[in-house]
Amino acid sequence: MRRPCSPGDGSIGPQMVRYAASPKTKGACLMRVVADRYVVVHDSERSGGQSTVVKATDTVTAAHVALKLIPRHDADPTQKVFFRREVDALGRLTHPNIVSLLDYGEDEGEDAFFLVFEWFEKNLLASLPSLDDFGWDDFIEHWGMPLIDALAYAHERDVVHRDVKPSNVLVGDDLTPRLADFGISKLRNQITPGVTVAEFFSRPFAPPDLIGLSSASRDVWGFAATAMRCLTSGAFSDYPDLEAALGDIDVPRDVLDLLRRCTDRDPEARPRNAIVLRAQLREIQEKRRRKWMQPRVAELVFKEGVDARLVKPPLNRDRDVIERALEQEFDGGSHLARVVDPNTHKTYADTLDLVGSRRRLRLVALPEQPTFLVSKVNNIDESNLEMIRRRAWPVVEEVRWTAIRQPAPAARQALEMILAAVDEHYRRLDDEQQLRDENRLFDKWLDLLNAKEDLERERSSPLRYTSAEVTGRRVRFHLADVPESDLLGEERVCRVGKAAPVGGPGVVVQQDDHGVTLAYPTKVEKIPPRGDLVLDIGAARAALRRQREAVVNVRSGVSVRPQLRQLLLNPAGISAPTLSPTPAWFNPRLDEGKKAAVARALESRDFFLLEGPPGTGKTSFITELVRQELVRKPTARILLVSQTHVAVDNALVRLADEELTNLVRLGKPNDDRVAPQAQQHLLDAQMPVWLNKIRRRAERHLEQLARKASVDHKHVQGAFAILELLAAFTDQDKATVRGLAMNRASSAGTNRPDAGDDETASQFAALNAELQRLSERIEKLRDHANVVLDGDLVLPEDLTHAGARDAFDAIIGGNRKLKDLVGLLQLQAEWFQRIESSRDLEAVLLRQARVVAGTCIGFLSHPAVRELEFDLCILDEASKATATETLVPLARSRRWVLVGDPSQLPPMQEEVLDHPELMTRHDLERADIEHSLFEHLLGHAPESARHKLTRQYRMHPGIGDLVSACFYDNQLESHATHDLPGWDKLYKPVTWLDTSSSKRRRENRNGTSVVNRLEARIIKHELAALRRAVEGNLVRNDGEEPLRVLVLTAYRKQMEELRRAVAGPASPLLEIEVNTVDAVQGREADITFYSVVRSNDRGELGFLGERHWRRINVALSRSRYGLVIVGDAPFCQAKTGPLNRVLDYMRKHPNTCRIGTATHD
């Protein structure tokens, strides 16, 4: 914006800027103001690439600032999101050697994005002394190390500069170098259309390869090239100049070798980031320092007779002989260790052990004496010497030991230096040990992830199938051998022999004795009739990688909230909520417990932990908390996650029912695990709506272009439609070429050495999925083009790339005016192809979302989310998530509310527990695996940061009181008032059907699992009786939905037996689901039948044992109205365990519980 200059004295005040009209401009001066705050200094503009830098005055602070302007070129919402996302990252970089970002935004008058930085008058080259006056050591000390520290700091936070060069190193009056323009080249690339990436980089300060533009090794090249430019005086404008500089530069040999590696054309040959480069530079400089440092001479005075242990008498009287003996002993270096009393473990700071090649000399620093007294000399074997050296200070060349008398002041300086160095060494060792102790928690989590990765590798054997039946998006595979392990949730791809996989990955949604059913994201076209189902380990490895990254980031203190590390190590340090006035409640039915919990969660600054036993209203708590949070801070971004899809969808659907907008569910489209009511909130479901809005805007723009160019709008539309097709065909060709190259590499056995068959299969699956998407897009674009062309030209179903190009030429024909628009149309078509086939536009939608929901690991599968930071993370079912799964969402957020129930199922890590050899290999203990992070925090967090809900509303009091007594120490109060009329005619609220009177009550072994066919027959009979009762209106369900019945068991083989038993025509009045207990945590039903299964002469309880009490709790706490347990009661009563306590309770409460004989044998 430009404003007329006002007359005045030229002074700058905090609120107003006034300038006198310049005589030179005869009163025509215009004042250029950006963002109504920054006044541009006249004639200060400097252009660089696609941006402009001007010197400006900040009217608020009266300070000079650097104002960088980047043209918007009618930037759309996507590009605006790119801008804000990048500058958010830049704003987090606070380092003494990085130029601070002070402000940013958009200015309508300039039609540009702007960034505001500190102003510096000079850059690096303008600040350096003459080459005659400084060399490598001066450069690295005063300029190089500060810059490499700044780059290492950024790389630790996953921020890459991308354009390191001398002009981007600014120098203040204090001569401190500061790195400027972090990530600006990336910004220009993303928001300036029509400019090639190569234009954003300065030769020879960026490597010639344009792949891996976000690779930190590019900054390594830039640093090395900058160093060479500072240390040479010749031409330095292109890559040949850099090669010449390497031959002429006057630096030490090891420095030259390092610079050559840093500027290697092969990115893999360079140090991978500034962290690695800094370590290598420090090592070189430390060696140089030691080489040129004048060693201190430390005088040793031997106690009477002790020197005879070093040199045999009478030669021990000869000082020269003793001197030669010392030189020989310490020729290979020496170490100094503090002496520790073996009995009291007391450390003596003034007593040291000096060890050489064969001996240990006991040194004592006496008060007021400038020398060390040698009180003992011992010959020690190499193993003991090595043990001392491990913790000792390596003296190396810094000290020379002598028995020759030294001047007292020099001897005193040497002694004091040595004692100080030993103190510093042990202080560092203590710090490192403390860090190791602190990191033990994180290291164990990493060990667990390594164990899980090994397990994935071991379980990835292919499944041979003999036939396949395709039904829409589902395929039923009949397996030659069905494995005992649970395959549900695995992603597998089809492959025939060693050939490349066919199609993309599908998810196992059903499994039985004969085969598996896979669900695919799109309709399945071709499936080989016979072949193998290969585990797609890409998804599993990606999940483990995200967890590993989260652990490392939290451990390193580079998560969104760096204090997260310390809070996990010391949960007692969690801040107490500071309660504010009671808010106006959205849900008037909230009980006092939930109100108190919401109020404390709102005011928590760190963690808030909520224990929510079954039926206590955790979802109501979450819904109220989200609404209250958004009232307090309408711009807040909330991450809602859970380990289970069910819990996420329950909360999300409730929020939608409360008419909250800007909700996004992250997950795969057409994933059966996403609730039908939540499907509309999927990111992939919302994207078409956004794309249609952008398309409508583009169509209006095309119409304007056509009108302006006097071209038939229909012809412009047709040309554009075919250009879109051509762009899609181009991407398809590129993907096909990649596939051919992968096929050749697979056939020749030239895949990466670390890429096994499973990983190769995953890569093929991903490529096949991409080709499938492109094929569907081409079909869609072809149909659209035919509609637009309206019969003028018909594109056939078998249209090829060449055919589309011919069609375009036919449309354009000799129409010169239309030809003039082709360039613009092509740019727009390619842009549409990019945003519709990539995930760029997702960032726009996610930026505007107030609530983003997904599973702990799955939410990060969307690349756009990885750039987001969240104000609040709400993690439901936190007790079921592993520690490493929990850290993934926690690392992206500033505050955390964890909701869970430690009395329900623990994290799903029992597979690792079932492999003792795996645990031994990774040094894991059972305690390292069994406990969730939620339990860890609950056990150590202050009481003010914890709350427990105790009023349950789901279960009939008869069921609720049993669950409270057996699993919650009678802390749960039952407030459910609903009833199922007629249920009492069949059962009590809790009924046990005892099979002990039957000879066929015993379990049967089925592979590694067990089944109980008698219990399956009894449950079948009882369900038939229930169906008759419901259909005969004996049991009345007054709701509109059918009565939901869960049939549960702890064993997968018994689940299959039960499914076969209850199979038959469905009833509109009963909705029956048979499943394992583990699959239904977080779910609820009207009625539950639970099959105990176990009954044997060996007294083996299996999943009924004490260790599995949480599983029993989950099984018995699903029902609203009725719970029926079927099993051998005396067997369960005979041993201590959860069902033993259940039977005791039932006998003491006959009003609500009954133990009866199962008569349906």
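In terms of the UniProt record's numbering, the sequence shown opens at residue 1 and continues consecutively.
Note that beta-carbon positions come from the ideal geometry of N, C-alpha and C, so glycine has one too.
The model shown is predicted, which means the values in this text are computed figures rather than measured ones.
What is the DSSP secondary structure of Gly-27, counted as helix, strand or coil?
With a pLDDT of only 41 at Gly-27, under 50, the local geometry of the prediction cannot be trusted, and no value is derived from it.
With a CB to CB cut of under 6 Å and the five nearest residues on each side skipped, what residues in its chain are close to Lys-633?
none
Give me whichever residues DSSP pairs with Val-899 in a beta bridge.
Leu-610
Take Pro-796 and list the residues in its own chain whose beta-carbon comes closer than 8 Å to its own, dropping the five residues that flank it on each side.
Gly-803
Can you tell me whether Gly-617 is buried or exposed? The criterion is at least 16 other CB atoms within 10 Å of its CB, across all chains shown.
buried
Give a yes or no on contact between the region 311 to 320 and the region 427 to 437, applying the rule of three or more CB pairs nearer than 8 Å.
no
Could you check whether Asn-343 and Arg-360 sit closer than 8 Å to each other, using their CB atoms as the reference points?
no
Is Arg-1107 helix, strand or coil by DSSP?
helix
Status (buried if at least 16 other CB within 10 Å, exposed otherwise) for His-978:
exposed
Distance check for Pro-252 and Gly-135, CA to CA, integer angstroms please.
10 Å
Hey, Ser-1091 and Glu-484: beta-carbon distance below 8 Å or not?
no
Asp-353 - partner residues in DSSP beta bridges
Ala-337, Arg-362
Please go through the same chain and pick out, in chain order, the residues whose beta-carbon is closer than 7 Å to the beta-carbon of Arg-37, but skip the five residues on each side of it.
Asp-58, Thr-59, Val-60
Under three-state DSSP, which class holds Tyr-104?
strand
Chain-order list of residues whose beta-carbon lies under 6 Å from that of Gln-677 (same chain, five-residue window excluded)
Val-653
Closer than 6 Å by C-beta to Trp-1109: which residues in its own chain qualify, once you throw out the five before and the five after it? Chain order, please.
Pro-1138
Grab me the residues of Asn-570's own chain with a C-beta within less than 7 Å of its C-beta, minus the 5 sequence neighbours each way, in chain order.
none
Tell me the rounded alpha-carbon separation between Gly-172 and Trp-690.
47 Å
Alpha carbon to alpha carbon, what distance is there between Trp-119 and Lys-55?
7 Å
Per DSSP, cross-strand counterpart(s) of Thr-232
In the DSSP output, where bridge partners are listed per residue, Thr-232 has none listed.
With burial defined as no fewer than 16 other Cβ atoms inside 10 Å of the residue's Cβ, what is the status of Ile-404: buried or exposed?
exposed
With the cut-off set at 8 Å, would you say Leu-868 and Leu-898 are in Cβ contact?
no
Would you decide whether Pro-204 is buried or exposed? Buried here means 16 or more other CB atoms lie within 10 Å of its CB.
buried
Please go through the same chain and pick out, in chain order, the residues whose beta-carbon is closer than 7 Å to the beta-carbon of Thr-1157, but skip the five residues on each side of it.
Asp-994, Ser-997
Distance check for Asn-1151 and Trp-992, CA to CA, integer angstroms please.
14 Å
Please name the residue in Pro-146, Leu-128, Thr-886, His-345 whose C-alpha comes closest to that of Leu-281.
Pro-146
Is Leu-415 helix, strand or coil by DSSP?
helix
Figure out for me which residue from Glu-885, Glu-925, Phe-934, Leu-918 has the closest Cα to the Cα of residue 1171.
Because the chain in this structure spans residues 1 to 1161, residue 1171 falls outside the shown range and cannot be described.
Proximal residues to Arg-1147 (C-beta, below 6 Å), its chain only, five neighbours per side dropped
none
Is Gly-222 close to the ligand PLP? I mean its beta-carbon at under 7 Å from any heavy atom of the ligand.
Only the bare structure without any ligand can be found here, which leaves the ligand PLP out of the picture.
I need the DSSP call for Asn-1075, collapsed to helix, strand or coil.
strand
Indicate the three-state DSSP secondary structure (helix, strand or coil) for Gly-1007 in the structure shown.
coil
Among Val-554, Lys-526, Ala-843, Val-1093, which residue has its Cα nearest to the Cα of Val-502?
Lys-526
From what residue to what residue does the beta strand (DSSP E) around Val-534 run?
531 to 535
Assuming Leu-568 contacts Val-554 under a Cβ cut-off of 8 Å, what Cβ separation, rounded to an integer in Å, is found between them?
7 Å
Taking one C-beta from the region 256 to 264 and one from the region 239 to 246 each time, how about it: are there three or more such pairs within less than 8 Å?
yes
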